[in-house]
Every structure is written in structure tokens, then in C-alpha cells.
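Trainee: In my numbering, the protein residues as written are 337 to 777.
The C-beta atom is built at its ideal place from N, Cα and C for all residues, glycine as well.
After the C-alpha cells below, expect a handful of questions from me.
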Ligand code: GLU
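Written out as C-alpha cells, the structure is:
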């Protein structure tokens, strides 16, 4: 897309164009030095976007600004740089699966492309070359809302292949919408991990000034390269500024906001640690107990019974709806401590008679299910409903699918479901692990 008039004029007067290095003095006196980026349909018409040397983008209002051409950048220099392995740096494999995180802006066309090679990735986030020796592969390129359990299984096998080929850690770039499902699935599938598996995404695409893509990816690679974690984690922005990212356990994390960069939060558990950016360098700090990496080789145990449904309880829920949706099992996302309306009890009885696997999580998300407090909960337990303790509904859903593929009897399924496997449940829930939104003063 061409530049809007005001932006084009400022560039032309200085003889600068797309991809050139410029210095802009904004109306507020602040000076920004960076590469001129493409203007997008969704950028404000009076804003010039620059890519700073830190890898971040900044949008500068052109009104009242002056611009100086610092360096004309020849087209060949804009080509991606190679990520030639650096001696002594741990090997980190990046498996791209889609979403906005592993995409980059082509300075010539302005289009956002998925990264298709290590070279492209290196040029999108050049700082990575100081943190790890990278291997990059595209597993698939999909929006995460389109992913199915078979995709989780594919990712698990690709992760194994990378560890078998000697990776120290594996980063999976992923759309944010269903990352919590994939994180839970990988947590149940992957055993004897010899290193960290880090899922990472971005809330804002890399062509936007406020993008979290490069910082999240850098933090994820730092965790994969610099720790001996033996579990699946999610690394995402920890605050609305660019100060740090948080390391969440894969079975305790959830997307809690549609657009904020710190949308991902650990629920019912504290994050395992954080990645602080000090002088633009990631410093990884693990603060909570975690599983340590083993010797490997990784074992993938990804059998799933996909005939499990998830039903939200709400005033007005029809009993027939429950009956029509349930195949072999269901996760009821109940109200409060774990309830559904009494008028659905006949449907529950039918499920029990038919030997269906029925578990109860809570739509409160934080806190644990307790079905001993009210008569509704006690009645439901008599009808065979299994409390999901302090598991998140999505985690209970993935675990139910895994359990049903591994247990021969309903009793065994119940026993397996109530056995902690990947940090997804605890006997006691840490009441401190409750997100407190910032309150405006
Ligand atoms: N719905 C897309 C996805 O989850 C959004 C893009 C993103 O979050 O990366 O893949």
C-alpha cells in the first residue's frame, strides 16, 4: 500500500523510502532511529512506522515531526540474514504452526507472510542469533481455531523428532486462540522430556507498532535455550509494557483477554517464572518448583478418544441438549462449585446408565470444584459425575480424551482422571494464584 500524503511528503523531502534508515524527531521532541516500514490499511494515516534496532516497531505521528535520512539501505541488505549456527550456543528448534507470531513484514510489498525459512526468521527477529543456534521448520500454517486433536498429535511427533535430532529445546509458534488446548495436549502426550517445550504466540501481528511478536519469540527461545525445564510451557507477555514475559505451565494457562498483550495467565497456580528484558537481553528466572529435564528419549503417548464433548451450564440449558451432544464422555462446565440445573438430572441418570464418562469443571475457572457443599453437587456425584478438582475446563476436556483412550473400564478411567499427570491438578489450590486486574487510580 502507498503511503498517505502526509507520510509520503515527509519521506520524499528527505529522499527516504521503504526500508531506509531514518532519524525522526517527533513533535514531542523524542528522536527515533529505525528502518522505514510499510504503511498498512489499518495504520493511522498520519503515522510513520519504524523498526527500531531492538526489533520493536514504533509508530511516530508525522504532524510536527522532522525526518533525516540516516542511510539509504540497498535492497540486497534488506534480504534476510542467515542463522548460521554459532559455536557454543544451544540448538533450539522452532516449529511453526501458524498464527501471527511467526510472520514477518515484507518491506517491499507490505504483506505479512508466515516465516518459511530460518533465514526469514533471523531477519524478523535478528536478536535470536545471540541466544541460540536455530533450526526452523514449518509444520503447518493454520489459524489455531481450525486445529483438531490430530494436529496436537502431529506437533507432538514433530517435537520428538527435534529432540531425537539433538535439540536442546523446542519452541512451537502457535495462534493464541487455542494455544491452551495444544499446551495441555502436549503436556499429556510427551513423556521423559530431555528439554523444554515452549509454546509461544502473539496478540498483535508483527507489522503493528505495538506487536508483542518479537519479544515473545525472543523470550521463548531464551527459555528453550537457557533452562533444563522438562515440561511443556507457554511463554507470553507478562505485562502491558515490554518489561517481561511469563513462563506458564502448559496445563495451568488460559487466554483471558481478546486483545491485551498480557492476555495469558496462569490460573490456580503461579507462573513457573519470568523472562526479564535487561538492556534488551532476556534473563530467564525460574521461581516455582518445576519438572527437570531427563535424559530422554522422548516418549509420545498420544492416543485420544475424541468422542468427548464440552457443555457449558447456563439457565435455560435443555436436558435433551446434553443427551444429543454426549458421545462417550462429556466435560460439564458447571456453575460455581460445580452445578447444573436439577431439571437436567434425568439426562444425567441416562448418561450414567449408558456408562458415559461425565466430569464437572467450573466456569469460574479460578478455584476448585467442590460437589460436597450443596445438595445439587452431592446428587450429581451420586449420578456418577466426577469432580475435576482444580483443573481448567479445557485441560479436563483434553485429559478426559486421553484417559478414555487409555482405560479399559470406567473405574480405571475415573482413577486415571483423578491422578495428577502433568501438574494439571493439586490437592490444595493456591489462593494467591488468582489474577488481580490493575485498578485505575
Ligand atoms: N485466531 C488466530 C489464531 O489463534 C489469531 C492469530 C493469533 O492469535 O496468532 O491463530
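Taking 7 Å as the line, does the beta carbon of residue 479 fall inside it for any heavy atom of ligand 1?
Mentor: Yes, since a heavy atom of ligand 1 falls inside the 7 Å radius drawn around the Cβ of residue 479.
Trainee: Is any heavy atom of ligand 3 found at a distance shorter than 7 Å from the C-beta of residue 343?
Mentor: Ligands present in the displayed structure are limited to ligand 1, and ligand 3 is not among them.
Trainee: Who are the Cβ neighbours of residue 750 in its own chain at under 7 Å, not counting the five residues just before and after it?
Mentor: Closer than 7 Å at Cβ, skipping near neighbours: 722.
Trainee: Measuring alpha carbon to alpha carbon, tell me which of 616, 717, 726 and 685 ends up nearest residue 704.
Mentor: Looking at the Cα atoms, 726 is the closest of the given residues.
Trainee: DSSP puts residue 612 in a beta bridge; with which residues?
Mentor: Per DSSP, 580 and 619.
Trainee: Classify residue 744 as buried or exposed, calling it buried when 16 or more other Cβ atoms lie within 10 Å of its own Cβ.
Mentor: It is exposed - the Cβ of residue 744 has fewer than 16 other Cβ atoms within 10 Å.
Trainee: Take the Cβ of residue 597 as the centre, count every other Cβ of all protein chains shown within 10 Å, and call the residue buried at 16 or more, exposed below.
Mentor: So residue 597 counts as buried.
Trainee: Going straight from the alpha carbon of residue 760 to that of residue 738, what length do you get?
Mentor: Whole-angstrom Cα-Cα distance: 13 Å.
Trainee: According to DSSP, residue 472 sits in a beta bridge with which residue or residues?
Mentor: 430.
Trainee: Any chance the segment 606-621 sits against the segment 514-527, with 3 or more Cβ pairs inside 8 Å?
Mentor: Not touching, per the Cβ criterion.
Trainee: Residue 637: which of 372, 757, 437 and 431 sits nearest, CA to CA?
Mentor: Checked all of 372, 757, 437 and 431; the closest Cα to residue 637 is 757.
Trainee: Grab me the residues of residue 685's own chain with a C-beta within less than 7 Å of its C-beta, minus the 5 sequence neighbours each way, in chain order.
Mentor: Around residue 685: 719.
Trainee: Would you mind working out which of 736, 762 and 592 sits nearest residue 752, comparing C-alpha positions?
Mentor: Taking only the C-alpha atoms, the option nearest residue 752 is 736.
Trainee: Does the distance between the C-beta of residue 436 and the nearest non-hydrogen atom of ligand 1 fall short of 7 Å?
Mentor: Within the cutoff, so yes.
Trainee: Name the two residues that bound the continuous beta strand (DSSP E) containing residue 693.
Mentor: Unbroken beta strand (DSSP E) run through residue 693: 693-698.
Trainee: Does the beta-carbon of residue 395, which I'm using as the reference point, lie nearer than 7 Å to any heavy atom of ligand 1?
Mentor: Incorrect: residue 395 has no Cβ contact closer than 7 Å to ligand 1.
Trainee: Would you tell me roughly how many angstroms separate the C-alpha atoms of residue 675 and residue 594, rounded to the nearest one?
Mentor: Each residue's Cα considered, the two are about 27 Å apart.
Trainee: Need the endpoints of the alpha helix (DSSP H) that residue 479 sits in, please.
Mentor: Run containing residue 479: none; DSSP gives neither H nor E here.
Trainee: Residue 564 and residue 503: beta carbons closer than 8 Å?
Mentor: No, the pair does not count as a contact, with Cβ atoms beyond the cut-off.
Trainee: Look at the alpha carbon of residue 488 and the alpha carbon of residue 688, and state the distance between them as a whole number of angstroms.
Mentor: About 30 Å.
Trainee: Entirely within the segment 525-603 and at least 3 residues each: give me those beta strand (DSSP E) ranges in chain order.
Mentor: Those beta strand (DSSP E) runs which fall completely within the segment 525-603 and span 3+ residues are 533-536, 568-573, 580-585, 589-591 and 600-602.
Trainee: Kindly confirm or deny that the segment 354-367 and the segment 392-409 touch, where touching means at least three C-beta pairs closer than 8 Å.
Mentor: Short answer: they touch.
Trainee: Excluding sequence positions up to five away, which residues of its chain have a Cβ less than 7 Å from the Cβ of residue 352?
Mentor: 358, 372, 403 and 405.
Trainee: In or out: residue 417 buried (at least 16 other Cβ within 10 Å) or exposed?
Mentor: Legend: pLDDT at residue 417 = 41, less than 50; position of this residue unreliable, value from coordinates given subsequently. Exposed, since its Cβ has fewer than 16 Cβ neighbours within 10 Å.
Trainee: Are the beta-carbon atoms of residue 740 and residue 693 separated by less than 8 Å?
Mentor: In contact: residue 740 and residue 693 (Cβ atoms closer than 8 Å).
Trainee: Which same chain residues end up closer than 7 Å to residue 575 when comparing Cβ atoms and leaving out the 5 residues on each side of it in sequence?
Mentor: Within the same chain, residue 575 has close Cβ partners 598.
Trainee: Is residue 745 helix, strand or coil by DSSP?
Mentor: Note: residue 745 maps to coil in three-state DSSP.
Trainee: Going by other Cβ atoms of all chains shown within 10 Å of its Cβ, with 16 needed for buried, is residue 768 buried or exposed?
Mentor: Exposed, since its Cβ has fewer than 16 Cβ neighbours within 10 Å.
Trainee: Return helix, strand or coil for residue 521, following the three-state DSSP convention.
Mentor: If DSSP states are grouped into helix, strand and coil, residue 521 belongs with the helices.
Trainee: Count the other CB atoms, across all protein chains shown, that sit within 10 Å of the CB of residue 525; report buried if there are 16 or more and exposed otherwise.
Mentor: Its Cβ being crowded by 16 or more others within 10 Å, residue 525 is buried.
Trainee: Which residue's Cα is closest to the Cα of residue 732: 668, 700, 656 and 566?
Mentor: Answer by Cα proximity: 668.
Trainee: From what residue to what residue does the alpha helix (DSSP H) around residue 491 run?
Mentor: Taken as a continuous stretch (DSSP letters only), the alpha helix (DSSP H) holding residue 491 covers 485-500.
Trainee: What do you reckon, are the CB atoms on residue 533 and residue 568 nearer than 8 Å?
Mentor: Yes, the Cβ-Cβ distance between residue 533 and residue 568 is below 8 Å.
Trainee: Could you work out which residue in 714, 616 and 361 is closest to residue 462 when comparing CA atoms only?
Mentor: Comparing Cα-Cα distances from residue 462 to each of 714, 616 and 361, the minimum goes to 616.
Trainee: For residue 339, does the count of other Cβ atoms within 10 angstroms reach 16, so buried, or fall short, so exposed?
Mentor: Buried, because 16 or more other Cβ atoms sit within 10 Å of the Cβ of residue 339.
Trainee: CB-CB under 8 Å to residue 729, same chain, minus the five flanking residues each way: which ones, in chain order?
Mentor: Closer than 8 Å at Cβ, skipping near neighbours: 646, 667, 669, 697, 698, 699 and 701.
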